[in-house]
Amino acid sequence: YSTFAGDYKWKKHDLTYRIENYTPDMSEAEVDDSIKRALQLWADVTPLRFTRIYSGTADIMISFVVGDHRDGYPFDGPNGFLAHAFPPFEGIGGDAHFDDDEAFFYRSPQGYNLFLVAAHEFGHSLGLEHSQDPGALMYPTYVYRDVDTYALSQDDVSGIQSLYGPNTDV
Amino acid sequence: NPIAPSADEDRVRIAENYLTSLYGLPKQGSSGTERRSNALSLRLKEMQQFFGLAITGTLDEETIKVMKKPRCGVPDVAA
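Have a look at this one:
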């Protein structure tokens, strides 16, 4: 695993997230569920807790955008770049952007599974860099996995716990 | 009719886009051809090292295959 060079981690454990808009590829309930489960993956192994808000600025702002969305990292149309997220810092830090030129799916192995893409991006939102372990969620290329049985790899768990420690509730 | 780019031109375009976005390769500008080629080779080696590919600094099939895979747009700076 790898973390961003510098002190990129949240100084608090209670974080907020907000879904600013939706992709037309899935129902709103499916997007909500995918995002919630993606964050829960990280909450299960750390002291981090996530609360959804519906207005104002959240720590993790989530949006579906296309092309040049004015953050200096334009998307490139279908395939190629699927999404990106910023490491923890004030302002745009923690925010996750999904390329809405992609076809996102809820459970189907076709297209890109939003839960898997979001879980990867939230790893960045929390301070993890890309891993060189091909079995890790934080590996940079997309691989479909069975979302019903999906669990973080030991590499991902070690990475996030190096920043925040383990979940003391379990 | 416009002339379609050759396969080689297409590979170089893919590699340049990839390395510019993710490995800090400067955008094509006033730098000389040789300097550009050296910069491209250096970034290619970084990318190949990250993905555990043969570190050749040249655009081989395996490298292009990895570049064409869908991926996260955050740069791989760990290597």
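If you read the protein sequences in the order shown, they are chains Y and W. For the first sequence, position 141 (counting from the first letter as 1) is numbered 173 according to the numbering used here, and the numbering increases by one without interruption. For the second sequence, position 18 (counting from the first letter as 1) is numbered 19 according to the numbering used here, and the numbering increases by one without interruption. Ideal placement from N, C-alpha and C gives every residue a C-beta, glycine not left out.
How about W:K70: is its C-beta nearer than 7 Å to some C-beta of chain Y? yes
Answer yes or no: do Y:R81 and Y:A75 have a C-beta to C-beta separation smaller than 7 Å? yes
What would DSSP say about Y:L169, mapped onto helix, strand or coil? coil
Closer than 9 Å between beta carbons: that is the criterion. Which residues of the stretch 111-125 of chain Y meet it against chain W? N111, G112, F113, L114, A115, H116, A117, F118, P119
Are the C-beta atoms of Y:Y138 and some chain W residue less than 7 Å apart? no
Entirely enclosed beta strand (DSSP E) segments - the stretch 55-116 of chain Y, minimum 3 residues: 81-84, 92-97
Buried or exposed for Y:D46, please, with buried defined as at least 16 other CB atoms from any protein chain shown within 10 angstroms of its CB. exposed
Give the straight-line distance between the Cα atoms of Y:V77 and Y:A150, rounded to the nearest whole angstrom. 17 Å
Tell me the rounded alpha-carbon separation between W:F52 and Y:Y86. 39 Å
Cβ pair Y:G226, Y:A135 closer than 7 Å: Residue 226 of chain Y lies beyond the residue range present for chain Y, which begins at 33 and ends at 202; the question has no answer from this structure.
Which residues in chain B sit within 9 Å of Y:H45, going by Cβ to Cβ distance? Note that chain B does not occur in the displayed structure, where the protein chains are Y and W.
For W:R13, return the contacting residues in chain Y, with the cut-off set at a CB-CB distance below 7 Å. Before going further, note that residue 13 of chain W is Val rather than Arg in the sequence given. By Cβ distance, chain Y contributes nothing, its closest Cβ being about 16 Å from W:V13, past 7 Å.
Would you mind sorting Y:V179 into buried or exposed? The rule is 16 or more other CB atoms within 10 Å of its CB. buried
Extent of the continuous alpha helix (DSSP H) to which Y:H152 belongs: 146-158
In the structure shown, what three-state DSSP assignment does W:A80 receive? Here W:A80 scores only 46 on pLDDT, less than 50, and its place in the model should not be relied on; the value that follows carries that caveat. Three-state DSSP puts W:A80 in coil, outside helix and strand.
Among residues of its own chain, excluding the 5 on either side of W:E63, which ones have a beta-carbon nearer than 6 Å to its beta-carbon? L54
Looking at the secondary structure, which residues open and close the beta strand (DSSP E) in which Y:T48 lies? 46-51
If we call anything under 7 Å between Cβ atoms a contact, is Y:V98 one with Y:D133? yes
Mind checking if W:G74 is an interface residue toward chain Y, Cβ cutoff 7 Å exclusive? yes
Excluding sequence positions up to five away, which residues of its chain have a Cβ less than 6 Å from the Cβ of W:V58? Reading the sequence as shown, one finds Gly at residue 58 of chain W and not Val. Excluding sequence neighbours, W:G58 sits near S42, L45, K46.
Going along chain W in order, which residues have a C-beta closer than 9 Å to the C-beta of Y:T173? F52, V67, K70, P71, R72, C73
For chain W, find out if any of its Cβ atoms is closer than 7 Å to the Cβ of Y:H156; answer yes or no. yes
Under the three-state reduction of DSSP, which class applies to W:R72: helix, strand or coil? strand
Inter-residue Cα distance where the pair is Y:L169 and W:Q29: 33 Å
At the 7 Å Cβ level, is Y:Y105 part of the contact set with chain W, yes or no? yes
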